[in-house]
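Q:
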Amino acid sequence: MARRGSGPPPPQHHHLVLLALAAFSCLASATTTSSTQPQPAEILLPPLTADDGAAAAAGRTCWYTVQIKTSCASPRRTSDAVSLAFGDAYRNEVYAASLASPSSTRAFERCATDTFRVGGPCGYGVCYLYLRRTGRNGWTPQWVRVYEPTSDTPSTFYYGDPLPNAVWYGFNRCPRRDAAAAAAAQ
37 MARRGSGPPP
47 PQHHHLVLLA
57 LAAFSCLASA
67 TTTSSTQPQP
77 AEILLPPLTA
87 DDGAAAAAGR
97 TCWYTVQIKT
107 SCASPRRTSD
117 AVSLAFGDAY
127 RNEVYAASLA
137 SPSSTRAFER
147 CATDTFRVGG
157 PCGYGVCYLY
167 LRRTGRNGWT
177 PQWVRVYEPT
187 SDTPSTFYYG
197 DPLPNAVWYG
207 FNRCPRRDAA
217 AAAAAQ
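Every number in the numbering used here is 36 more than the matching position in the sequence shown, counting from 1.
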C-alpha cells in the first residue's frame with residue numbers, strides 16, 4: 037500500500053507544465069510571423085502594366101481611396117516613381133503602376149498627405165500592402181491608408197523608414213493558407 041506524501045507529485049502537475057510550454061511556443065511563433073515592421077515581399081508580385089485597372093477587366097471594378105502620408109524625415113520632394121500593390125486573403129489584387137497626385141504635380145512632398153483613387157477587383161478586407169520606389173531621390177512614407185468602397189474604416193499600414201530602391205516593400209497581414217486550412221479541418 038502506498039503512503040501519502042511520498043513519491044513523485046501527481047501527474048496533473050506535469051500536464052500543466054506541458055500546457056504552459058505549448059502556449060508559450062504558440063505565442064512566440066505568432067509574434068514572429070506577423071511583423072509590425074515593413075518587409076521585402078516574400079514572393080515576386082506580378083509585373084505592373086500601364087493600365088492600372090486592367091486586372092479588374094474580367095469582373096466588377098471597385099474604386100479604393102488611398103491616402104499616403106510622406107514622412108517629415110523624407111527628402112523635400114521626390115521625382116521617383118512610386119507603385120502600389122494591395123489585396124485581400126482571396127487573391128483579389130489591386131495594382132497602381134505609377135501613382136501621381138491628381139491635385140498637384142508635386143506628389144510625395146515632405147510632411148504632406150496625398151490622396152489617390154485606384155480601381156481594381158473588389159476585395160474583402162485589405163490585409164497586405166506593398167510600395168515600390170524607383171529612382172535616385174529616395175522617399176520615406178509615414179503611413180498608407182486604404183479605404184474600401186464597402187467600409188468606412190481604413191486599413192492602415194505604418195512605414196516610417198526610407199523605402200529601398202526597386203524593391204516591393206511592405207506588409208502581409210493575411211492569414212496563412214496552411215493555418216487557415218488546418219483550422220477549417222478541426
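Here a beta-carbon is modelled for each residue, glycine too, at the ideal position from N, C-alpha and C.
(1) According to DSSP, which residues form a beta bridge with Phe122?
(2) DSSP on Arg153, reduced to helix/strand/coil?
(3) What number of angstroms, rounded off, separates the C-alpha of Ala148 from the C-alpha of Pro200?
(4) Tell me the DSSP bridge mates of Gln73?
(5) Smallest Cα separation from Arg168: which of Gly159, Leu135, Arg142, Ser191?
(6) Helix, strand or coil for Thr114? Go by DSSP, reduced to three states.
(7) How big is the Cα-Cα spacing for Thr101 and Pro111?
(8) Using a 10 Å radius around the Cβ and a threshold of 16 neighbouring Cβ atoms, would you call Ala109 buried or exposed?
(9) Can you find the residues in the same chain that come closer than 6 Å, C-beta to C-beta, to Lys105, ignoring five residues on each side of it along the sequence?
(10) Report the residue from Gly159, Thr192, Trp175, Asp116 whose alpha carbon sits nearest the alpha carbon of Val182.
(11) Looking only at C-alpha atoms, which of Tyr166, Glu129, Cys98 sits nearest to Pro76?
A: Answer, in terms of the structure:
(1) Under DSSP, Phe122 shares a beta bridge with Val130, Leu165.
(2) The three-state secondary structure of Arg153, taken from DSSP, is strand.
(3) Distance between the alpha carbons of Ala148 and Pro200: 20 Å.
(4) Bridge partners of Gln73: none, in fact.
(5) The shortest Cα separation from Arg168 among Gly159, Leu135, Arg142, Ser191 belongs to Leu135.
(6) Three-state result, Thr114: coil.
(7) Near 25 Å, if we compare the C-alpha coordinates of Pro111 and Thr101.
(8) It counts as exposed.
(9) For Lys105, where only same-chain residues beyond five positions count, the Cβ hits under 6 Å are Thr149, Gln178, Trp179.
(10) Closest option to Val182, Cα to Cα, is Thr192.
(11) Here the closest residue by C-alpha is Tyr166.
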